[in-house]
Structure formats: C-alpha cells, structure tokens
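Residue numbers (numbering that gives the first Met the number 0), protein chains in the order written: chain A, 0 to 150; chain B, 0 to 546.
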Amino acid sequence: MTPTLIGRWQSRTVLLWTVGLVITLFYMLIFGPVGIGGQAPDASKLLLILFYVNLLGIGWDALYIYLQGFRWEGDWPLAFQFGVGLVEGAVVYLLFQLNWLPGVRFGDGDFWRFFFHYGTVWFWTNWCLFGPLRVVFPGWRFNGGEVISKI
Amino acid sequence: MNQPNPHFNRVNQPPPWQPSLQAPAPQFAPAQRDTSWPPRCFDKPVISIYEIQQLNLPVSYTEYATVGAGLGSFSWVDALRVSGVGTANIVAIGMDARPYGHYNNLAHNSQIPDWERLRSNSESTPDNLWGWPGYALREIWTEFKQGHLGKATRLWWQIFGEPTLTDTYTPRISDVFRAVDREAIRIGWGQIYRYGRVRAIRKTADGRYVIAYSTRRPGQNNTGPAHSLHLTHYLHIAVGYPALQFLPDLQKYREQTGDFKSVVNAYENHDHLYEHLRRHGGLVMVRGRGIVASRILQRLSEERQHNPNIGIIHLMRSPVSQGHRYGKARRPVANQFEFQPFNWPRSCWTGPYRKLLEKSSPEERKKLLSQWGGTTTARRQDWLEITRRGLAEGWYQIVFGEVDNVERLPEGRLQTRIVTKGQVAAQLTCTAEFIIDATGLEGKAGSNPLLADLIDKFALALNPMGRIQVENDFEVPGMRNGTGRMYASGSMTLGGPLAAVDSFLGLQYAALRSVQALQEAGAFELKKLGVGRSISQWLKWARKVQP
Ligand SMILES: Cc1cc2nc3c(=O)[nH]c(=O)nc-3n(C[C@H](O)[C@H](O)[C@H](O)COP(=O)(O)OP(=O)(O)OC[C@H]3O[C@@H](n4cnc5c(N)ncnc54)[C@H](O)[C@@H]3O)c2cc1C
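Structural data, given as structure tokens:
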C-alpha cells in the first residue's frame, strides 16, 4: 500500500482511536486503579498523550508525503513506517518531559509508563497497517490508506 | 364468475413492456437453416431472441459471464462469488481450464521455471481478494514451521526493507499457482468454467448479450455440438495478449526464410536453443532490455556452466545514461538497464499515482504512462552480478545500433548488419547462431480477431495507446445495452484509468471496481462488500470454506 496524504491522516486517526484507545484504556487501568509500577493517580493523561500523538502526526504525515515525492516508486517502505514511528515517539516524549504539552505534567516514573504505552500502541497500530486493515476495508489498500472510500 | 372483465376492449393502451420484447411478426420458416459460423444474423450488432431461436444451436443463459477465463476472469469471478453470486449464475468461457494456463505458458517460455520468482509483490494475490496474508507472510510461516529460522528472518527483513534496503520480495511462481488452485476449488471454478473459443459477441434486443463460441478442441476427439451460444446480462472480457510481437526485421527474416528455429521470440518455446548451445556452444544475439532479457541472460549464463563457449551479444538501440524522470524523482540505471521492481512505480497500484491517472484526460494519461513506464527490469543482486561478470570476462557484450538487415549464411548462421548510432557512426556485421527477440508481446486490440470484430461492429472507441477505452469502473462505454453492461480488464485496456491493469493486483482492482458498480446498479444477487461482509468472507477464505 502506497499512502496518500488523506489516507495517512485517516488511517492514523482511525487506528489511534480504536486499537490505540483500547491499549490506552488498558494502561490507564493498570497504572491508575490497579497501581502496577507505583501509584499514578493522573494516568488519564495517557489519553491526552494519545491525542498529541495524533495531532503532531497530522504534521508529520505532510512531511512524509513530501519525502515520498523524491522516491521513484512514490512509496513508503515498511521499514520507514516502523522507523519514523520511533522518531515520532521520541519527539512526543521530549515535549512531554519538557512539559510543553498543554494539560499534561511529567512526573516520577512517567518515562516507563510512556515507554510501555507508546511502544505498545506503536507496535499494534503498525501491525494493523501491515495486515488486518485490508480485511476490514477491502478498498483501503487501493486508495492509499483511505478508510472512508469506495473501492 | 361470469361477470365481464371491465378492462376488456381497452385496446389502445401500449403494453407495459418494451416494444423489443413483443413477439416478432410471424415469419415463414426459413427454407434452409443457417449453418454458417458465426451465423449470418451476427452481421448486425443487435440480434433478436427470435433470430437466436431460429438458429437451432444450443443456447444457455447465466446472469454473469466472463470471456477469456484467464487470471483477469478469475479475479472477476472471485469478486462476484465473495459478493454473494452463486456458481450456477456465472460462466467463464475460455481455452484453458486452469486460470493461469496461458500465463504459465508465457512465463515458462520466458524462463520462469517453477522455483523462480515472478514480478509482483507479496500482496498481489489472485487467490485472495484482500491481499492479506500476502505471499511473503505465508512463505515466512512455511519456513518457520520447517525450522528454517534463518530463511524466515531473511524474508522478514526483505519485506521490511524493500525496495530500498533490500531487493524487492517476489513470490515463487509455483506458490502462486498452488494458491490459485486452492481458491479455484473454494469458489467452484470447476462448475463455472466452460471450454470455448469465442468467435463473436453481440447485443440482444432484450438488453443482454449473446456469445457465440465453438467447442471443438484442436487435436482432440470432439463429440457433441461444435458451436454454441450463451446469453448473459452482465459480461466481462479479459483475453490477455493477442499475439507475440516481433521486431520488423526479424518478422521479415522469418517470413522470407521460414526459419523458426534460429530466430525466436522469448515468449515462444525455444528450449531447443539452450540444448544446442549446451552441446555445441555458440553466439547468441539478444534483443530487448526488459525483464525477459534479464531472465534469458540468467539462463544463458547457467548454460555457460556446462559449456563455456557460449557468448552473448546484447543489441540495444541506444545507450541510457539517465533514467526516466518524474517530478522530483529519477529511475536508477546501471549497466544500461533501467531498474524498477515492477513494470510501473508501486504508487500506480494503490497510491497517489493511481488516483492521479484516474482523474487525468486521455492525453495526460498517455504522457504519464510514458514517464512511468518504458522498458525496465528488476534490480536483483544475481542479475547485476551476471552482467558485471559477463562484461568483465568478455562473454557478454553490449552493442548499440539499429538493425539494417538479417540474413542466413549458407552454413546456417545468422548475419546481422547493424548501423551504430551516435557519435561513432559505423556499420558492423555480427554473425550468431541464434537471435532471441525479447522485446515483448503484441498488445494492440485489433490483433485479436474477437476484439477487432467488436471494435468494428460497435464502433468502440480506442484509447491513445490503441487499446479499448474503458470508463473508470472498467465498463466499455459503447457496449451498454439497456440494463446489460460489459466490462473489460487486462492488457486490452492498457492506457486507460489504471496503469497496472495488466497485473495480478490491477486485475483484482478492476474486478472489485466493476463488481461494485454492478452492485450499485442493483445487479442480481450481488451484495455490498461492506465491513461485515468483508470480514465474514475473509474468515471463510481463511477456513477454506465456500463463499
Ligand atoms: C511472461 C509474463 C509474466 C508476467 N508476470 C507477472 C507478474 O509476475 N506479476 C503480475 O502481476 N503480472 C504479471 N504479468 C501480467 C499479467 O498479470 C498476466 O499476463 C495475466 O495472466 C493477465 O491476465 P489476463 O486474464 O488478462 O490474460 P490471460 O491470463 O492471458 O488470460 C486470457 C485468456 O483468454 C483466452 N482467450 C483469448 N482469446 C479468446 C477467445 N477468442 N475465446 C476464448 N478465450 C480466449 C486465452 O486463451 C487466455 O487463456 C505477466 C505477464 C507475462 C506475459
């Protein structure tokens, strides 16, 4: 699948708020009420972080599409897809640690919480991009990743 | 009970059906039955049902029919089956019981043996409408189960890094065929396929199509009727490449000398050539610089292991110093070959280029296609190594120029007079044992008699590449017949809305797109392939259960 800009935005948003949301709620539960790895009463901020990953991603996607134009195949190899996910994570983490993300405060033990949360979301959303999304939306792969599209 | 019918005598109302459905005026039975083939009434573009009945030929009917029964037809039937149509309502008429029969012949002749890898990606899966799991994942799983962890990891890295960090993954041809066989059994292809050489297609006056086909198999004991007619409401046609393409000078040589052994096309069986070379050695001239030329070079270099006295002259029209350009990108070049994993940039199948081409005008399409297309081969480490070694050791040489003449010398060898081009203009003569024409297949619509007849009878429009023009949903516009529709896909529509229409994935897209258009038009039994249906059908695919 060779993404279009609209396709990137749609796939990103849909995956973050389905697969990503389930994972986030899971971590909110185990970091918050269950209290694994120390008490984190403000675990709900993971939801905001998910939102920022999505928001910044809108900008990242525009950059990726620009870079795609330099490739003869006009494509985006899987290795790039996984790789840029790590860069995006590092940037969001930096902003998080510097307390530059409105509404979220960086606290003790948040490195590990971020690491697990973002890592899991990154892993599973990319897996869905790689495969199962094709089964759910048969037109997705022909339309550069656009979820809302005809075949 | 005896009350008079109040509507009786209201004779001036037109009947509530189309005039064409009215019984024709009584005619006298023809003095002699029409036994010509195709029947004389096929001289007209539209035929009435009455005329069909008069022919005394077996007539069958299904709501859906596809002509060709190759991989394009198979993808269309697969999409229909997954969208809810039963086997009894579909017919596929063609000359090969296996959907990949024709493709297999061409592939085998052009040196893709069973264990070789073809030229499409992991998700180009004619056996699976969703493209997932692709061939790479299936191959990884097989290797993993057999304990070949190293191989599985290598494959994994390949699909991960392709095409930039590693060579592009392509599936093994035998794996693709096995998978298609499996899907054919699942969708009931055996009940759908029917042997026949289609002679002509006409519209019927009641909004359907009639297909005239002969059922005589060459070289076999034929029983039963020789000719049949099939009626259908929704028609699809994918007849593949009509013919082999020959360079004009080679064509002339073959016509003049009748020598079909020393000048061969890469797509026809030419095994005798390799056997001869293995025993006696000799010089071969290869023409064309696409992927087939690469495969031929590979085969010849393998033969050199048995007999080192085999030499290759590769004749190319002109040098390529730079690859094609499109926007900010340029296609890579090495050793006079332009590289691209498939015959179009990847984005032409599923991405921005596909969308761009779809919305472009016919003239713009032509320009885009010439920028993206052209003669290319895949970048494979083994092929790069063969050319590098051959050039270094001298048994492989490249010559640039145009052929002036090809002649047969008294002792049977072939002499080619070449006019070189560019700054060093000169004349060369090259004497070789064999010439292999690897320049391709003939794609012009008119070279297939069935298509030539359709174009002629219905004045069908051609696209700028001389193939049949289709709408964005692959409908052939001049063939609409009331509620009846005809669709086309494959090489006969190249130059239209989809660059890669002649590829596994392109055929699949064309199939899904046209079936969707039919579904929206309310065609019989078709259900929308929405999220629910897609998932449940995929699960059936995974469990090898009928759709
Ligand atoms: C050597 C080669 C390698 C290729 N490799 C790849 C690849 O690796 N990946 C990829 O995606 N694509 C590849 N392609 C392109 C394409 O996918 C195949 O050519 C594919 O088989 C095209 O399917 P089709 O249905 O259009 O034609 P075909 O599969 O050729 O089927 C057409 C059928 O129509 C029948 N027919 C023709 N006229 C009539 C008639 N009048 N009546 C009845 N039947 C008729 C023919 O006998 C034939 O069986 C390759 C093509 C070639 C030639």
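Note that CB positions come from ideal geometry on N, CA and C, so glycine has one too.
Buried/exposed call for residue i, threshold 16 Cβ in 10 Å
i, result
"residue 20(B)", "Its pLDDT being 44, under 50, residue 20(B) is placed unreliably by the model, and nothing is read from it."
"residue 29(B)", "Low per-residue confidence applies at residue 29(B): pLDDT is 49, beneath 50, and the placement is therefore not dependable, though the value from the model is reported in the following sentence. Flag for residue 29(B) reads exposed."
"residue 11(A)", "buried"
"residue 49(B)", "exposed"
"residue 241(B)", "buried"
"residue 157(B)", "buried"
"residue 4(B)", "The predicted model places residue 4(B) with a pLDDT of 46, which falls under 50 and marks its position as unreliable; any figure quoted below should be read in that light. So residue 4(B) counts as exposed."
"residue 259(B)", "exposed"
"residue 238(B)", "buried"
"residue 205(B)", "buried"
"residue 44(A)", "buried"
"residue 321(B)", "exposed"
"residue 308(B)", "exposed"
"residue 104(A)", "exposed"
"residue 184(B)", "exposed"
"residue 351(B)", "buried"
"residue 544(B)", "exposed"
"residue 74(A)", "buried"
"residue 149(A)", "exposed"
"residue 377(B)", "buried"
"residue 97(A)", "exposed"
"residue 122(A)", "exposed"
"residue 495(B)", "buried"
"residue 473(B)", "buried"
"residue 161(B)", "buried"
"residue 535(B)", "exposed"
Simplified DSSP state of residue i, which is helix, strand or coil
i, result
"residue 22(A)", "helix"
"residue 202(B)", "strand"
"residue 70(B)", "helix"
"residue 1(B)", "Bear in mind that a pLDDT of 44 at residue 1(B), under 50, signals an unreliable position, so the model cannot answer this."
"residue 236(B)", "strand"
"residue 380(B)", "helix"
"residue 221(B)", "coil"
"residue 264(B)", "strand"
"residue 478(B)", "helix"
"residue 227(B)", "strand"
"residue 138(A)", "coil"
"residue 150(A)", "coil"
"residue 168(B)", "coil"
"residue 254(B)", "helix"
"residue 27(A)", "helix"
"residue 55(B)", "coil"
"residue 243(B)", "strand"
"residue 279(B)", "helix"
"residue 329(B)", "strand"
"residue 485(B)", "strand"
"residue 315(B)", "strand"
"residue 84(A)", "helix"
"residue 498(B)", "coil"
"residue 213(B)", "strand"
"residue 115(A)", "helix"
"residue 137(B)", "helix"
Chain-ordered chain B contacts of residue i [CB-CB under 8 Å]
i, result
"residue 136(A)", "530, 533"
"residue 0(A)", "122, 349, 350"
"residue 76(A)", "159, 160, 161, 162, 163, 164"
"residue 150(A)", "508, 511, 512, 515, 528"
Listed by chain order, chain A residues near residue i by CB distance under 7 Å
i, result
"residue 329(B)", "71"
"residue 346(B)", "1, 72, 73, 74"
"residue 537(B)", "134"
Interface residues of chain A facing residue i [CB-CB closer than 9 Å]
i, result
"residue 527(B)", "Near residue 527(B) there are no residues of chain A at all, since even the closest Cβ is about 10 Å away, more than 9 Å."
Interface partners of residue i on chain A, CB under 8 Å
i, result
"residue 354(B)", "3, 142, 143"
"residue 326(B)", "68"
Listed by chain order, chain B residues near residue i by CB distance under 7 Å
i, result
"residue 104(A)", "Near residue 104(A) there are no residues of chain B at all, since even the closest Cβ is about 37 Å away, more than 7 Å."
"residue 133(A)", "129, 130, 131"
Chain-ordered chain B contacts of residue i [CB-CB under 9 Å]
i, result
"residue 84(A)", "In chain order: nothing, as chain B lies at least about 13 Å away."
Check your understanding: Going along the chain, which unbroken runs of the beta strand (DSSP E) with 3 or more residues stay wholly within the segment 73-133 of chain B?
Key -> 89-93
**Study point:** Runs of beta strand (DSSP E) wholly within the segment 408-469 of chain B (minimum 3 residues, chain order)
**Key:** 413-418, 426-431, 433-436
**Study point:** Residues within the segment 116-130 of chain A neighbouring chain D, beta-carbon criterion of under 8 Å
**Key:** No chain D is part of this structure, whose protein chains are labelled A and B.
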